Amino acid sequence: MVRVRIAPSPTGDPHVGTAYIALLNYLFARQRGGQFILRIEDTDRARFVAASEQMIFDALRWLGLEWDEGPDVGGPYGPYRQSERSEIYRQAVDLLLASGRAYRCFCTPERLEEMRRAQSAAKLPPRYDKTCLRLAPGEIAARQAAGLSWVARLNVPQPGETVFRDELRGEIRFDHANVDDQILLKSDGFPTYHLANVVDDHAMAITDVIRAEEWISSTPKHVLLYQAFGWPAPRFWHMPLLRNSDKSKISKRKNPVSLIYYRQAGYLPQALLNFLGLMGGGMPADLEKFTLAEMVEKFQFERISLGGPVFDLEKLQWLNGVYLRALAPDEFLAQLQATVFSSEILRAIVPLVQERIETLAQFGDLADFFFRDDIAPPPEIWLPKKRTPAETLKITALMLEALEAAEWSHAALEAALRDLAAAQGWTAKEVFMLLRAILTGKTASPPLLESAVVLGRARGLDRIRRFLAREKSRPPA
RNA sequence: GGCGCCAUCGUCUAGCGGCCCAGGACGUCGCCCUCUCAAGGCGAAGAUCGCGGGUUCGAAUCCCGCUGGCGCUACCA
Numbered sequence: 137m138v139r140v141r142i143a144p145s146p147t148g149d150p151h152v153g154t155a156y157i158a159l160l161n162y163l164f165a166r167q168r169g170g171q172f173i174l175r176i177e178d179t180d181r182a183r184f185v186a187a188s189e190q191m192i193f194d195a196l197r198w199l200g201l202e203w204d205e206g207p208d209v210g211g212p213y214g215p216y217r218q219s220e221r222s223e224i225y226r227q228a229v230d231l232l233l234a235s236g237r238a239y240r241c242f243c244t245p246e247r248l249e250e251m252r253r254a255q256s257a258a259k260l261p262p263r264y265d266k267t268c269l270r271l272a273p274g275e276i277a278a279r280q281a282a283g284l285s286w287v288a289r290l291n292v293p294q295p296g297e298t299v300f301r302d303e304l305r306g307e308i309r310f311d312h313a314n315v316d317d318q319i320l321l322k323s324d325g326f327p328t329y330h331l332a333n334v335v336d337d338h339a340m341a342i343t344d345v346i347r348a349e350e351w352i353s354s355t356p357k358h359v360l361l362y363q364a365f366g367w368p369a370p371r372f373w374h375m376p377l378l379r380n381s382d383k384s385k386i387s388k389r390k391n392p393v394s395l396i397y398y399r400q401a402g403y404l405p406q407a408l409l410n411f412l413g414l415m416g417g418g419m420p421a422d423l424e425k426f427t428l429a430e431m432v433e434k435f436q437f438e439r440i441s442l443g444g445p446v447f448d449l450e451k452l453q454w455l456n457g458v459y460l461r462a463l464a465p466d467e468f469l470a471q472l473q474a475t476v477f478s479s480e481i482l483r484a485i486v487p488l489v490q491e492r493i494e495t496l497a498q499f500g501d502l503a504d505f506f507f508r509d510d511i512a513p514p515p516e517i518w519l520p521k522k523r524t525p526a527e528t529l530k531i532t533a534l535m536l537e538a539l540e541a542a543e544w545s546h547a548a549l550e551a552a553l554r555d556l557a558a559a560q561g562w563t564a565k566e567v568f569m570l571l572r573a574i575l576t577g578k579t580a581s582p583p584l585l586e587s588a589v590v591l592g593r594a595r596g597l598d599r600i601r602r603f604l605a606r607e608k609s610r611p612p613a
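Take 137 as the starting number for the first sequence in my numbering and just add one per residue.
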């Protein structure tokens, strides 16, 4: 019986890369009559975003990737949220500490920083120097008694080598000279990914770990952990990374990556899924358009091409168009009413336009930007009278950062924009008008912040990113 | 820098020793259809298969080296 899992981290919007890996895991499980598990990897309390978990559930369900076990549906191997499994990790660490496969480390971040600087200056691989491994038992007890904070580190045998098999690439070997004594338990008592992932995969009887290629370098640490615990390791399948058009790992800077965005921008889940299925091969080459069920039937993992595929929005858009045109008119209408013309959106827009309207027919004139995709205002709209294009673009980039960090609410957006204006020596009016131009394409619109909230975070941020991309690539006039 | 992974049209890919002076799709361009624009149909341009060595009667396909791209190099996942 095959058991696989997807283990997203609730640190923000659900990511298109998560959907890709989820799809692959789903296919693998369904093809083999196995189970597909959803586990929430919420051990990073610094980056934790409370609303994120629910958004992950919603986005994966929207795509139709149902899981057999998970935090919301339960299952025999729960709990499926790592923050609820602390005791399990603590016991696991005790085991490793007792057997000498892990050790307590009291080094301060400053010392570690210093050590890494020296190593990099000496052109050595950055690696913890095992200082605390040499601590006498009495010294360890004393430091603990003194209340010094500590972490648990994996004791990687030196010298040594770890060899493991990647099902798609064959044998991969790592000299231990390049494997760090990874932190397993953080000073806040939470495990790192490496520990939690191994402990949970074993506890949840995961047979095949299907994850992104970026994990290859840390797989030796995982294999060492399985050995330290005396557990059999699962099979590893590392999938190619989705890329931006410049071939770098897909990122929100260069590409929309939020599944919320794709849903709100009017992509059909079956089209997005189909497109993801095209990434990296796997399906018979003569097929371009196929359903999830057909993928379960025909997708072959052995056929996956290992070169990282560029996530080509234009092709996704074409495919989405194919799906949209194939809809029966009634279905098409239903889609429209479920998304861009939902009564929720309409209801939210009403208070923004009602007080500015003289005939109902003007609704479109006032609210057009909610229903348009490409807003491309000319410089006479967005360029403040007293500013240059260069400084305007610069503050727009800062604005994007500030808004990405802010909660998408009227108060938070307003605070972020006013702070930005003050910090950059712009008037609030200039900053607000700039954002108005980018979001609405006009100099006069319904109230900006209210409009931004209705437009939504995903589409709002996307408009700013697209604006920046467009203006940066525009040859200076 | 170190380590690892990868390498066919701009992009997604087919090809797993002869069927390939490399096929399909997106995008681009042209023509047709047409009141317009799309869609659709037809067609074109587009890859010395990253480079250099081998192995072989024969290599895009196998091996080695180089180069390049990417990833990792955190008390993030």
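Beta carbons: idealized from backbone N, C-alpha and C, even for Gly. These numbers were taken from a predicted model, which means no experiment stands behind them.
Neighbour-count burial assignment, residue i, 16 or more Cβ in a 10 Å radius
i	result
L284	exposed
R601	buried
F411	buried
T495	exposed
S581	buried
Q318	buried
T576	buried
A186	exposed
D337	buried
W203	buried
T528	buried
Residue i and residue j closer than 7 Å at C-beta
i	j	result
A369	V359	yes
F310	P356	yes
P392	D598	yes
Q400	A155	no
K390	N380	yes
I346	N161	yes
F437	L378	no
I92	H374	In the structure as shown, the chain begins at 137 and stops at 613. Residue 92 is therefore absent and cannot be evaluated.
A552	A564	no
Q227	E177	no
P514	E566	no
Q299	E307	Note that residue 299 corresponds to Val in the displayed sequence, not to Gln. Yes.
L201	A165	no
A526	N456	no
M431	G417	no
G211	E205	yes
V590	A484	yes
L428	L409	yes
L502	V489	yes
Anticipated Cβ contact below 8 Å, residue i with residue j, distance rounded
i	j	result
A313	P293	The pair is not a contact, with the Cβ atoms about 11 Å apart (cut-off 8 Å).
I142	L174	6 Å
Q560	L534	7 Å
L585	L549	5 Å
P245	E189	Between E189 and P245 the Cβ distance is about 29 Å, and since that is not below 8 Å, they are no contact.
Y239	L231	Not confirmed; about 13 Å, so no contact.
A512	R606	6 Å
For residue i, the nearest candidate out of the options (CA to CA)
i	options	result
F506	K578, I517, R606	K578
F184	E350, P150, P445, L163	P150
R247	L428, C268, L260	C268
T475	G500, Y397, G200, I386	Y397
H546	M251, F568, V138	F568
D382	G444, M415, E189, A407	G444
S394	L232, G592, A470	G592
E303	S256, V335, K522, D344	D344
F645	M415, K259, D501	Examination of residue 645 is not possible in this model, given that the chain is present from 137 through 613 alone.
V140	D510, V152, L163	L163
F193	G500, P144, P465	P144
I386	L449, D324, A234, R253	L449
E297	P262, R279, Q363	Q363
P583	Q471, G236, E491	E491
CA-to-CA distance, residue j to residue i, given in whole angstroms
i	j	result
V287	A339	23 Å
Q171	L196	16 Å
S441	L570	44 Å
D208	K322	27 Å
L361	L271	22 Å
G169	V229	34 Å
K608	L536	14 Å
R305	I276	43 Å
S479	M191	21 Å
F468	R572	31 Å
A613	I574	The predicted model places A613 with a pLDDT of 45, which falls under 50 and marks its position as unreliable; any figure quoted below should be read in that light. Computed Cα separation, rounded: 20 Å.
A557	I531	9 Å
P262	L290	15 Å
Distance cut-off 6 Å: residue i Cβ against heavy atoms of the ligand GDP
i	result
A470	Although the ligand GDP was asked about, the structure shown includes no ligands whatsoever.
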